[in-house]
Amino acid sequence: MSKTPKWEKWMPSPLPPEAEAFTADGYIQDQDCLHAYSYRTIPACLNCCGPAAIFNLRLRAGQHPDLPEMLLEMERMHLFHVPGPTRVRVMRLCLDKYLPGWQEIKGRSRSLHAAANSEMGIFRYRETGIPHYVAYYAVGGGRFRFFNVSDQIGEDCFSMDRFGLEHCICEPVRLFFWPAHRI
Numbered sequence: 007m008s009k010t011p012k013w014e015k016w017m018p019s020p021l022p023p024e025a026e027a028f029t030a031d032g033y034i035q036d037q038d039c040l041h042a043y044s045y046r047t048i049p050a051c052l053n054c055c056g057p058a059a060i061f062n063l064r065l066r067a068g069q070h071p072d073l074p075e076m077l078l079e080m081e082r083m084h085l086f087h088v089p090g091p092t093r094v095r096v097m098r099l100c101l102d103k104y105l106p107g108w109q110e111i112k113g114r115s116r117s118l119h120a121a122a123n124s125e126m127g128i129f130r131y132r133e134t135g136i137p138h139y140v141a142y143y144a145v146g147g148g149r150f151r152f153f154n155v156s157d158q159i160g161e162d163c164f165s166m167d168r169f170g171l172e173h174c175i176c177e178p179v180r181l182f183f184w185p186a187h188r189i
């Protein structure tokens, strides 16, 4: 008799179709649909917000990332191959390799202010109490396009103030960003 893995209790039921993971222009919008992939020894739908954020910014930067290769590469950057989130150290290594020129800042108000004046970035914060990475880029007029924020979001473009009020609510908050003048 086989034992049911602990992580199965977190799997969405029923599983959403993989095609819904991506926007029409190729960005990852919903990691819950990535159940066909594996990351850190479990289904990627449970923990691939870090790779999804980097995938999205690489796409924005004109690169053509391959998701299965990225998941494997980032998995190998971890010191231990066990279930878990993407470590900040691994995010830094991957950003250095594919998207150099980033800066890092900590703190909710400092991060939101820096993000409002940036071209693109990745937030690390807690969405419904769970550590989460979210990518965004500036679309103009004080609005930003966000990806993979939460299941309840239908639209993806809104102000940084709205993001802060509705999602990036409490500490700890970390931001990896590219200032608008550098891009």
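Position one of the sequence shown corresponds to residue 7 (my numbering), numbered consecutively onward.
Ideal placement from N, C-alpha and C gives every residue a C-beta, glycine not left out.
Item	Value
Identify every residue that forms a DSSP beta bridge with residue 116.	Answer is none; residue 116 lacks a bridge partner.
Do the CB positions of residue 101 and residue 34 come within less than 8 Å of each other?	no
Check residue 40 in the structure and name its three-state DSSP category.	coil
For a quick check, are the C-beta atoms of residue 65 and residue 105 less than 8 Å apart?	no
Just to confirm, are residue 43 and residue 53 a CB contact at a threshold of 8 Å?	no
Excluding the 5 residues preceding and the 5 following residue 174 in the sequence, name in chain order all residues of the same chain whose CB lies nearer than 7 Å to its CB.	114, 118, 129 and 131
Are residue 99 and residue 76 touching if we call contact CB-CB under 8 Å?	no
Look up residue 60 in the DSSP assignment and say whether it is helix, strand or coil.	helix
For residue 184, is the classification buried or exposed, using 16 other Cβ atoms within 10 angstroms of its Cβ as the cut-off for buried?	buried
According to DSSP, is residue 100 helix, strand or coil?	helix
By the 10 Å Cβ neighbour count, where 16 or more other Cβ atoms means buried, how is residue 109 classified, buried or exposed?	exposed
Which residues does DSSP pair with residue 79 in a beta bridge?	Answer by DSSP bridge pairing: none, since residue 79 is not bridged.
Would you report the Cα separation of residue 26 and residue 154, rounded to the nearest angstrom?	12 Å
I need the boundaries of the beta strand (DSSP E) containing residue 169, first residue and last residue.	No beta strand (DSSP E) contains residue 169, which is instead part of the alpha helix (DSSP H) from 166 to 172.
Would residue 189 be called buried (16 or more neighbouring beta carbons within 10 Å of its own) or exposed?	For residue 189, the pLDDT reaches just 43, beneath the cut-off of 50, and the residue's location in the model is therefore unreliable, although a value from the coordinates is still provided. Exposed.
Could you check where the beta strand (DSSP E) with residue 184 kicks off and where it finishes?	180 to 185
Are there 16 or more other CB atoms within 10 angstroms of the CB of residue 146, so buried, or fewer, so exposed?	exposed
Report all residues from its chain with a CB closer than 6 Å to the CB of residue 169; omit the five preceding and five following residues, and keep chain order.	none
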